[in-house]
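Engineer: First, the structure itself, so that you have it in front of you.
Number of protein chains: 2
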Amino acid sequence: MFKSDNVDRWGMFELKLTGSGEGNPYLDVQLQAIFRFKQRTVKVDGFYDGGGTYRIRFMPDRIGEWSYVTISNQAELDGKTGVFTCVAPSKNNHGPVRIKNDVQFVYEDGTPYYPFGTTCYAWTYQDESLQQQTLATLSEAPFNKIRMCVFPKNYSFNSEEPRHFPFAGSLASGFDLTRFNPAFFAELETRMNALLELQIEADLILFHPYDKGRWGFDQLDAKTEELYLSYIIARLGAFRNVWWSLANEYDFMEEKTMPDWDRLLQYVQDNDPYVHLRSIHNGTKMYDHSSIVMYDHVKPWITHCSIQHWDVTLAAIWRGQYKKPIIIDECCYEGNVPQRWGNISGEEMVRRVWDGVSRGAYVSHGETFVHPKDEIWWAKGGRLYGESPKRIAYLRELIEAAPEGCRPLPAIRDVPTIGVQGQYYLQYYGLHQPLYRTIDLPEDGEYKAEVIDTWNMKIISEDQNLSGTCRIKMPGKPNMAIRVVKVDG
Amino acid sequence: MFKSDNVDRWGMFELKLTGSGEGNPYLDVQLQAIFRFKQRTVKVDGFYDGGGTYRIRFMPDRIGEWSYVTISNQAELDGKTGVFTCVAPSKNNHGPVRIKNDVQFVYEDGTPYYPFGTTCYAWTYQDESLQQQTLATLSEAPFNKIRMCVFPKNYSFNSEEPRHFPFAGSLASGFDLTRFNPAFFAELETRMNALLELQIEADLILFHPYDKGRWGFDQLDAKTEELYLSYIIARLGAFRNVWWSLANEYDFMEEKTMPDWDRLLQYVQDNDPYVHLRSIHNGTKMYDHSSIVMYDHVKPWITHCSIQHWDVTLAAIWRGQYKKPIIIDECCYEGNVPQRWGNISGEEMVRRVWDGVSRGAYVSHGETFVHPKDEIWWAKGGRLYGESPKRIAYLRELIEAAPEGCRPLPAIRDVPTIGVQGQYYLQYYGLHQPLYRTIDLPEDGEYKAEVIDTWNMKIISEDQNLSGTCRIKMPGKPNMAIRVVKVDG
């Protein structure tokens, strides 16, 4: 019977065991633990960490005494028991992000979570100093979610041979897909912890097409895929900030079929004891609207939509269609690379983020400026050069200051508006530049209306003591929003 | 036997006859003429012009001797014969606009026509001085097509009681829908002639919903509709610059059904001896893409699409779907009125026009700036205040300088491009701001590439002696186009 240190609620308990490294422990050793809190039990998988070390990780979600017992086909790992105390979480620990009322994100402790994501697909493959720079940049940036790949990336601006791999081996010596590389995962976990410190959710991309036969990780067989997923879940599932993004641009992986994706999503659903968020991200040829293959997000193993589309005005349709929270994780990136998906202006990036939010969705950031060493944020992290992040920070502040439960108000038909009827309204004009607008407010309340310049990040005018039908003067320029708040009477 | 003056090819021959004004000549008098050129005959309707005057108009399309004979149920109008000579057209008379190769517009003499339209729905209802100002503005503007209504308009910024009506009577005294108002049409014809002088096609809107029961012209019965259409065709059909736009926002006229529209379009098709262009223009609630009711432009009585949609990137889809020329006649207007459809910036207006053109479609202009006397171009004409017209003029010049037969080149997938393979390419980047682009040119030709700043209307850089795969430097700013021209070797 081990007696371990206290563990924060939604923190990580870890049990280290020593066994044999003979044979192939990744395949041959079965190791689990059953954790018990009062009458409730949770069964989790352990994993082999190399050098005869086995670990079992667990994220407790209730404050109080927990006990556990291990189960293994190896005598030296079997039947280990212990206890630990789960204590109140520290200040910035709100638990994993969950879904509430179908379309809201909320931390498990009830704190609202509004995703303002960014994208650094291969940042954990860069050298230490660049990774540290990425973390330093993130510490100043407005982003509370990051999309990042487990597998290495073979793509424009990102074709260097990686210094390490999730699987044992290398391109030169060949890969053993039945063995993992514990050092790779240990480093990834360091990054997960660093993100946790920054209160950033890790939207972890489990499969992607940017391999193109180079390493073969885009063409694993079903057995290897499931071995990989079970290892990932055992190692990373106990991080409260992990989200499972089954794939990036799944429809570009021609070897896989829709039943494959359904199976993989269900595998994660069945094997993740913590029910972390699950999504799958489509690609798009970006020729026209008809070339987009959208996953059917109604399927029950999808918790929220992670969409690629450059027309964020479609958010209202998707909300109605899927009845799940919408994140448009790619809508083009701020930058100037030749590729169409990576060269919109900062102004347009901000417009799309605001536009999505004003339709009850969330839109993720990405940045792709040509760089002499190809250190492009969207792939490698590093520094941000664009004009959008500080405007996104401003929007995030506004949204976090809004009352909880804001949602689209479709009765206001000609400008996207979120709010709480009778209490709060936030409407976004984007490219539209009216000289004035009329707003219908309840007759029996008293309201304050502010015109917000979303680009210059300031309130440029204010009308007090409003009620009923009111005319709001506006500057006749693009990128304006109106916020109306009920004044306590 | 009358011997009349010579008539220009596609000019207007008019025969004036005197008869009785007793009874209701609009209903009771039948009058037609058969025009003969060699072995070919064309039958056209005459019309009653008030005060005992009847007229028969005819637009001859062949050079040489024409003869005619009238047919009437009134003895004094029947059996009149005559001859005239049709001579070569004057310099700026290229005949009516036709369709060529499914998707091109061309004047009947073979001169290409690229529609750069604008919109002044009720300009002919304004007082004389404002109409003259409209014509003066048009004489300086880049527009070669204008959308304008026959019926008066009852709508925002445009609610004054009109000084005259197409039908006999007034709101106060009641309308006689079996009689027309010849003075109204005479004035309209003066405007048609003024437009002809300016080489502007009159996209004449025959029905529209902006009546809302005020005069009842949006709720005519079928018999009255057809009487009206036959009168319009008899009076205006011989203008070579008339286009028949069956309705504006037809789907907002709730009293009418799709079979009604089909019937009215076929009525015009069956009764217009000159086969002028025929279209019908949809409305849109502008909430989202799914709220748009598009007419099925495949129907054979439609010559081209006259679409309302704010997403001009859909042009390629419509081209494929309808296989007819696409004009996006409303995509929002440059202006600052509170209505969503009327308050985009000049920059965005220009972007949409360019974007449509680079996808093989045409996009019409409109302007809606708040004005102290509500003299808003889109409704009343007058002056233009916006920033888009001179940029549209610049685009029109570029397009008219391009080789004939430019069409979308879908092999270039990531930027909309029109051109003639191997000869000429024009691609538009819009919101995209690449720092460079790679273009695949034939190896065996020599090409010149120019980067065009579409907003500042100038060529900002030029690369000579190009062939094969070429990298073109660009400024990393929005609103750029690239033009590549084969150099004669």
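Protein sequence lines, in the order shown, are assigned to chains A and B.
Be aware that the first sequence starts at 720, since it is given in my numbering, and climbs by one per residue.
Be aware that the second sequence starts at 720, since it is given in my numbering, and climbs by one per residue.
Ideal Cβ positions, reconstructed from N, Cα and C, are used throughout, including at glycine.
#1: Using a Cβ cut-off of 8 Å, pull out every chain B residue sitting near R1059 of chain A, in sequence order please.
#2: Would a C-beta distance cut-off of 8 Å place L750 of chain A and T789 of chain A closer than the cut-off?
#3: Is the Cβ-Cβ distance between F958 of chain B and M1193 of chain B less than 8 Å?
#4: Check whether the stretch 1115 to 1126 of chain A and the stretch 1082 to 1102 of chain A touch, using three or more Cβ-Cβ pairs below 8 Å as the test.
#5: Does the Cβ of T838 of chain A have 16 or more other Cβ atoms within 10 Å, making it buried, or fewer, making it exposed?
#6: To be precise: take each residue of the stretch 1151 to 1173 of chain B, compare its Cβ to all Cβ atoms of chain A, and keep it if any distance is under 8 Å. Which residues remain?
#7: Unbroken beta strand (DSSP E) runs of length 3 or more, entirely within the stretch 737 to 789 of chain A: which are they?
#8: For W842 of chain A, which residues in the same chain have their Cβ closer than 7 Å to its Cβ, ignoring the five residues on either side in sequence?
#9: I need the DSSP call for M867 of chain B, collapsed to helix, strand or coil.
#10: Output, in chain order, the set of chain A residues within a Cβ distance shorter than 7 Å of E1067 of chain B.
#11: Using CA coordinates, which residue listed in B:H1023, B:P779, B:R1102 and B:G1105 is at the minimum distance from A1080 of chain B?
#12: Starting from P1197 of chain B, find everything on chain A with Cβ-Cβ shorter than 7 Å and list it in chain order.
#13: For N1055 of chain B and chain A, any beta-carbon pair shorter than 8 Å?
#14: Figure out for me which residue from A:R954, A:Y1104, A:P779 and A:F926 has the closest Cα to the Cα of E908 of chain A.
#15: Starting from the Cα of Y826 of chain A, find the closest Cα among A:W729, A:A891, A:G836 and A:G932 and give me that residue.
#16: Going along chain C in order, which residues have a C-beta closer than 7 Å to the C-beta of V1089 of chain B?
#17: Taking its Cβ as the centre, do 16 or more other Cβ atoms sit within 10 Å of A1200 of chain B, making it buried, or is it exposed?
#18: Using C-beta distances below 8 Å, list every residue in its chain close to D727 of chain B, excluding the 5 sequence neighbours before and after it, in chain order.
#19: Considering just the uninterrupted stretch of the beta strand (DSSP E) at E920 of chain A, what are its terminal residues?
#20: Using a Cβ-Cβ cut-off of 6 Å (strictly less than) and excluding sequence neighbours within five positions of N792 of chain B, which residues of its own chain qualify?
#21: Please determine if the stretch 1041 to 1049 of chain B and the stretch 882 to 893 of chain B are in contact, where contact requires at least 3 C-beta pairs separated by less than 8 Å.
#22: Are the Cβ atoms of I924 of chain A and N967 of chain A separated by less than 8 Å?
#23: Go to M731 of chain A, then tell me how far its beta strand (DSSP E) extends in each direction, as first and last residue.
#24: Exposed or buried, which one is S739 of chain B when buried takes at least 16 other CB atoms within 10 Å?
#25: On the premise that D1074 of chain B lies in contact with P1135 of chain B, defined as a C-beta separation below 8 Å, what is that separation, rounded to the nearest angstrom?
#26: Can you name, in chain order, every residue of its own chain whose Cβ lies under 6 Å from the Cβ of K1196 of chain A, other than the five neighbours on each side?
#27: DSSP three-state label for K942 of chain B, please.
#28: Give me the Cα-Cα distance between T760 of chain A and N1001 of chain A, rounded to the nearest whole angstrom.
#29: Helix, strand or coil, according to DSSP, for E1165 of chain A in the structure here?
#30: State the DSSP-derived secondary structure class of L1033 of chain B, mapped to helix, strand or coil.
#31: Taking just the CA atoms, how far does Y767 of chain B sit from E733 of chain B?
#32: Could you please give me the residues that DSSP links to S791 of chain A through a beta bridge?
#33: For I1131 of chain A, does the three-state DSSP call read helix, strand or coil?
#34: So what's T909 of chain A in DSSP terms, helix, strand or just coil?
#35: Could you pull the start and end residues of the beta strand (DSSP E) that S1025 of chain A belongs to?
#36: How far does the alpha helix (DSSP H) with D981 of chain A in it extend, from its first residue to its last?
Structural biologist: The structure says:
#1: D1133, V1134 and H1151
#2: yes
#3: no
#4: no
#5: buried
#6: H1151, Q1152, P1153, L1154, Y1155, R1156 and T1157
#7: 750 to 756, 759 to 767 and 772 to 777
#8: Q850, T853, M867, K1099 and G1100
#9: strand
#10: L1150
#11: B:H1023
#12: S1064
#13: yes
#14: A:R954
#15: A:W729
#16: The structure shown contains no chain C; its protein chains are A and B.
#17: buried
#18: C805, V806, A807, P808, S809 and N812
#19: E920 to F926
#20: Q749
#21: no
#22: yes
#23: It is not in any beta strand (DSSP E) - M731 of chain A carries neither H nor E in the DSSP assignment.
#24: exposed
#25: 7 Å
#26: Q1152
#27: helix
#28: 36 Å
#29: coil
#30: helix
#31: 13 Å
#32: A:L750
#33: coil
#34: helix
#35: C1024 to Q1027
#36: M977 to N990
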